[in-house]
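K.L.:
Taking full-length UniProt numbering, the leading residue of the sequence shown gets 1, the next gets one more, and so forth.
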Amino acid sequence: MMQAHETPPAAPRPDHRPGQVAMGLAALAVAGLLAWGAAAIPSDAGYAGVGPDFLPWVVCVAMAICGALLVWEALTGGYRDMEEPSGAPRGDWHAMAWVSAGVLGNAALITTIGFILSCALCFVLAVRGLRISEGKAGGGLMQVVRDVVTGMLIAAPTYWLFTKVLAVSLPGLTATGWI
């Protein structure tokens, strides 16, 4: 029993989780890599007095601030008011393999089959992986056809916007610049 002059024992302070500190340190490491890359970009002022290195430095500083805040939050009691994570307790490696295959396939094939087809392929594989991660069926032949059409409907206007309107060179399948 507690006496009148005794103070109640302090509630145990929630210990920070090592993963939370690691996440903050990883964000700081990414900020360092961004700074290293931004330092290699020429700073010649262009339109409106800003050079091509301006935006990379803004992203670097924002990332460093986020990383520092994450570390501070983790060391001063852990992430507060954090809900329990949703989803499966373990990662779905099968689904991740589909998404990774889409991204890596896009990178490997973009100069061979062109921007539109490689991005459509990336879309098809990534969407299949995301469906599998939700516990749904990956999709039959009709679903694959719908995904290909959807991927093309996203990639084609993006390609044309970048190449025709913004004059950014993207790898195409033909010399005409339309596919």
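Beta carbons are placed, not taken as given, at the ideal position from N, Cα and C, and that holds for glycine. The model shown is predicted, which means the values in this text are computed figures rather than measured ones.
So, under 8 angstroms CB-CB, residue 66 and residue 35 are touching, yes? Tell me the CB distance rounded to an integer number of Å.
P.N.:
Taking the first residue of the sequence shown as position 1, residue 66 is located at position 66. Taking the first residue of the sequence shown as position 1, residue 35 is located at position 35. Incorrect: roughly 14 angstroms between the Cβ atoms, too far for contact.
K.L.:
Counting only the same chain and skipping the five closest in sequence on each side, list residues whose C-beta sits under 6 angstroms from that of residue 52.
P.N.:
In the sequence shown, counting from the first residue as 1, residue 52 sits at position 52. Hits under 6 angstroms: 41.
K.L.:
Could you compute how far the alpha carbon of residue 135 sits from the alpha carbon of residue 80?
P.N.:
As a first step, residue 135 is located in the sequence shown; it is residue number 135 there, counting from the start. As a first step, residue 80 is located in the sequence shown; it is residue number 80 there, counting from the start. Roughly 30 angstroms separates the two Cα atoms.
K.L.:
In angstroms, rounded to a whole number, what distance separates the CA positions of residue 38 and residue 105?
P.N.:
To locate residue 38, count along the sequence shown from 1; it is residue 38. To locate residue 105, count along the sequence shown from 1; it is residue 105. Spanning the two alpha carbons is a distance of roughly 28 angstroms.
K.L.:
Determine the burial state of residue 142: buried for a count of at least 16 other Cβ atoms within 10 Å of its Cβ, exposed for fewer.
P.N.:
As a first step, residue 142 is located in the sequence shown; it is residue number 142 there, counting from the start. Label assigned to residue 142: exposed.
K.L.:
For residue 25, which residues of its own chain have a beta-carbon under 8 angstroms away from its beta-carbon, when the five flanking residues on both sides are left out?
P.N.:
Translated into positions along the sequence shown, residue 25 becomes position 25. For residue 25, the CB contacts under 8 angstroms within the same chain, skipping 5 residues up- and downstream, are 67 and 71 in chain order.
K.L.:
Taking the beta carbon of residue 63 as the centre, do at least 16 other beta carbons fall within 10 Å, making it buried, or is it exposed?
P.N.:
Position 63 of the sequence shown, counted from the start, is the residue given in the question as residue 63. Buried.
K.L.:
Quick one, which of 167, 162 and 17 has its alpha-carbon nearest residue 78's?
P.N.:
The residue given as residue 78 occupies position 78 in the sequence shown. Considering only alpha carbons, the answer is 17.
K.L.:
If you scan the stretch 52-128 from start to end, which runs of the beta strand (DSSP E) of 3 or more residues do you find wholly inside it?
P.N.:
Those beta strand (DSSP E) runs which fall completely within the stretch 52-128 and span 3+ residues do not exist here.
K.L.:
Would residue 108 and residue 152 qualify as a contact pair, given that the criterion is a beta-carbon distance under 8 angstroms?
P.N.:
The sequence position of residue 108 within the sequence shown is 108, counting from 1. The sequence position of residue 152 within the sequence shown is 152, counting from 1. No.
K.L.:
Find the nearest neighbour of residue 130 within the set 113, 155 and 95, judged by alpha-carbon distance.
P.N.:
Residue mapping note: residue 130 aligns to position 130 of the sequence shown, counting from 1. The residue with the shortest Cα to Cα distance from residue 130 is 95.
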